[in-house]
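The listed protein sequences derive, respectively, from chains A and B. Everything in the first sequence is counted per my numbering, starting at 64 for the first residue and increasing by one. Everything in the second sequence is counted per my numbering, starting at 64 for the first residue and increasing by one. Glycine is no exception: its CB is placed at the ideal position from the N, C-alpha and C atoms. Nothing here was measured: the structure is a model prediction, and the numbers come from that model.
Number of protein chains: 2
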Amino acid sequence: MDRAPTIKDVAELAKVHAATASRALNPATRSMVTARTANRVLEAARTLGYAPNSAARSLRTRTSLVAGVIIPDLRNPMFPPIVRGIEDGLRAGGYMALLGNTDGDPARERELLDAMRGRQTDGFILATSRRDSVAMEEGGRPVPTVLVNRRTDAADVPSVTADNAVGIHALVRLLVAAGHTRIAHLAGPQDLSTGWERRRAFGDAMSEHGLSAERIVTCAGFTTEAGLEGTLTLLDTTPGTTAIVAGNDLIALGCYEALVDRGVRCPEDISVTGFNDIPFPGRQQPALTTVRIPHYEIGLEAARLLLERIGNPEAPAKRVVLPVEVVERDSIAPAH
Amino acid sequence: MDRAPTIKDVAELAKVHAATASRALNPATRSMVTARTANRVLEAARTLGYAPNSAARSLRTRTSLVAGVIIPDLRNPMFPPIVRGIEDGLRAGGYMALLGNTDGDPARERELLDAMRGRQTDGFILATSRRDSVAMEEGGRPVPTVLVNRRTDAADVPSVTADNAVGIHALVRLLVAAGHTRIAHLAGPQDLSTGWERRRAFGDAMSEHGLSAERIVTCAGFTTEAGLEGTLTLLDTTPGTTAIVAGNDLIALGCYEALVDRGVRCPEDISVTGFNDIPFPGRQQPALTTVRIPHYEIGLEAARLLLERIGNPEAPAKRVVLPVEVVERDSIAPAH
DNA sequence: TTGTAAGCGTTATCAA
DNA sequence: TTGATAACGCTTACAA
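Written as structure tokens, this is what we have:
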């Protein structure tokens, strides 16, 4: 045998027709066949080491058992555990993941999406959506899609996100308990749900404590550089700030740098908090108080949702929100 | 149009036969067609938003433009940059990556390999090979495969690895320059090329400096736990050790823990070095002197090699070794 | 240069 | 319950 065995080879060995072999091989149709022939076919398949040709199957059934997973950059420590969760979740349904990075470039995202659809991908898990992104469709039918970590304003696409509001409320509570009142927020980009929800939650949390949320600077991105810039602006425009709630851990890191530049001590002069609890390259000084989000579980749940969605594309879109947990470290000190 | 456009739709719109459309669409065969018709077809394809059905193409051509990438665990910080490099390298050849994690389980690896082969994967990039792993074949023909980071003893499979020998030599030179002579090695598993090559290089480097490499303990794995265990054994069996060359960064981290347990100070009492320069979760104390390997480039080069291999499976197997760089931090002190 | 036709391996429909 | 047959969309001899 110098080529992979086909279902015809199996059928021949089992002395049945290819169609019968197909029925015997597929668990869903196995009941259409007598147990005896089913066994003969299975046995033949085993001895030949038969594996179905998925290209042929895809062509015929119009499904591929492959899902596209699109993220900004795998090197962002947010994503490896999420992607791992996705992979494990997909595996449970016999699916595999086709992975693509966009570096945040919408054009690149389009390309990837097109290329993956051309490859008969059955659905997508996207970590790249913006608040105004719209649901994909193909010939009037929605393409099964699940958003992960970020979501759109429109509620028509299923999503799995962390509980941003609860996380921010907990951080603000911690700061208030430490005596802070002049608390600022380094917001993330407002076209991303994460940036927007956290900013909104910050406003809500402040008013709950009878404080006004006026010390807000919006950063250009969820990056260290943007965090540095944002902090400098913040220090220049809102004197008296004693605590900063950063939009995420990277912004908090940039904040650390800016504080050092300006000779401001953390946490003695200004307390700082992050969000996400990503593993840091190298040392953080001081260790950052932040909100841990369940990265792996977010991915796992997203995969489950996608499998559901593929099974029933018309079902209402679930929006799953997973609980978070505050991790107290050394970046908060009592207000002076 | 309630279904994706096929090449027939394109042909119809361009008023040519499907075969002609196919020739016009494929850059390799475009010269068989007049420029005028080629343009008409391309134009028609664009207006319809045509994307070729890859299942049909795969079925016909027996290639899928998909490569399988198999790693132990994406959450190991070694792998994200490697995988990202792979993806970028594959993209250059129009390929995409199907990703799978094995958690180091050979059975799981077999499953993945089979599942991916069933999906017509054109080749594999494996980060999971052991020294005694054998080249895969299918019907007598080798399955195009490239090994990353680890390789087999047999030289018949292409691989891309970091220069383990140079890295270890540089570390030993650093320690010797700091006055150390009683230098120990916490070796990684000897069935992995990384563990074996580093151990061998340690022996060579020591003799080059006229020192004997007798203080060696082999750890059960490249993990923090194994590093802790190994260090305890080392301290118990080889008194007088003033420096430890750990098999990788995780082993070094375990070493740190063991030293703290035993009340030994690092680097004052014992100097420690790592390998890989992975981004650490949280803080390391003291910052680890280690060898940085070019993760991204390793992945990129592996992808290039795979594309070459797919193009010409019979060509001799290249074994690419990429240069490394020592990163001096705070975990080495002068010998007392 | 273009059209015709066959076939890749599977599964769904229809008939026996 | 099983077999025959057609079709999925594409590429490639071969013929025109």
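| Query | Result |
| --- | --- |
| Chain B within 9 Å of residue 163 (chain A), Cβ atoms only | yes |
| Collapsed DSSP secondary structure at residue 276 (chain B) in the structure displayed | coil |
| Residue range of the alpha helix (DSSP H) that includes residue 142 (chain A) | 142-155 |
| Residue-level contact to chain B via CB, residue 201 (chain A), 9 Å cutoff | yes |
| Where residue 226 (chain B) falls, given that 16 or more other Cβ within 10 Å makes a residue buried | buried |
| CA-to-CA distance, residue 326 (chain B) to residue 298 (chain B), given in whole angstroms | 12 Å |
| Cα-Cα separation, residue 120 (chain A) to residue 106 (chain A) | 21 Å |
| The beta strand (DSSP E) enclosing residue 159 (chain B), as first and last residue numbers | 159-164 |
| Beta-carbon spacing of residue 334 (chain B), residue 305 (chain B) below 9 Å | yes |
| Members of the segment 135-166 of chain A near chain B, C-beta cut-off 9 Å | 136, 137, 138, 139, 140, 142, 143, 144, 146, 147, 150, 151, 154, 157, 159, 160, 161, 162, 163, 164 |
| Ordered list of alpha helix (DSSP H) runs contained in the segment 88-149 of chain B, each at least 4 residues | 98-111, 117-124 |
| Contacting positions in the segment 379-394 of chain A - beta carbon closer than 8 Å to chain B | none |
| Unbroken stretches of the alpha helix (DSSP H), 4 residues or longer, contained in the segment 304-335 of chain B | 312-324 |
| Chain-ordered residues of the segment 81-97 of chain A with a beta carbon less than 7 Å from chain B | none |
| Residue burial classification, residue 95 (chain A) (beta-carbon count within 10 angstroms, cutoff 16) | exposed |
| Other residues of its chain near residue 350 (chain B): CB distance less than 6 Å, five sequence neighbours each side excluded | 392, 393 |
| Contact set between residue 116 (chain B) and chain A, taken where Cβ atoms lie within less than 8 Å | 122, 181, 183 |
| Residue 366 (chain A) burial status per 10 Å Cβ neighbour count (16 or more: buried) | buried |
| The segment 376-396 of chain B in contact with the segment 235-243 of chain B per 3-pair CB rule at 8 Å | yes |
| Stretch pair the segment 369-376 of chain B + the segment 242-255 of chain B: three plus CB contacts closer than 8 Å | no |
| Beta carbon proximity, residue 315 (chain B) to chain A, threshold 9 Å | no |
| Closer than 8 Å at the beta carbon, the chain A residues around residue 177 (chain B) | 114 |
| Contact check, residue 25 (chain B) vs residue 191 (chain B), beta carbons under 9 Å | Given a span of 64 to 399 for chain B in the structure shown, any question on residue 25 (chain B) remains unanswerable. |
| Residue closest to residue 361 (chain A), alpha-carbon to alpha-carbon, out of A:275, A:339, A:352 | A:339 |
| Touching by the beta-carbon criterion (3+ pairs, under 8 Å), the segment 269-277 of chain A and the segment 316-324 of chain A | no |
| Segments assigned alpha helix (DSSP H), at least 4 residues, entirely inside the segment 225-287 of chain A | 227-240, 256-271 |
| Residue(s) in a DSSP beta bridge with residue 387 (chain B) | Answer is none; residue 387 (chain B) lacks a bridge partner. |
| CB of residue 264 (chain A) within 9 Å of CB of residue 228 (chain A), strictly | yes |
| Per-residue DSSP class, three states only, for residue 302 (chain A) | coil |
| Under 9 Å from the C-beta of residue 367 (chain A): neighbouring residues of chain B | The contacting residues do not exist; residue 367 (chain A) stays about 18 Å from chain B at best. |
| Proximal residues of chain A, C-beta to C-beta of residue 119 (chain B) below 9 Å | 118, 121, 122 |
| CB contact flag (residue 202 (chain B), residue 261 (chain B), <9 Å) | no |
| Cross-chain neighbours of residue 252 (chain A) in chain B, by beta carbon under 7 Å | Here the premise fails: no neighbours, minimum Cβ distance about 23 Å. |
| Rounded C-alpha distance that separates residue 166 (chain A) from residue 136 (chain A) | 6 Å |
| Minimum Cβ-Cβ distance from residue 67 (chain B) to chain A less than 9 Å | yes |
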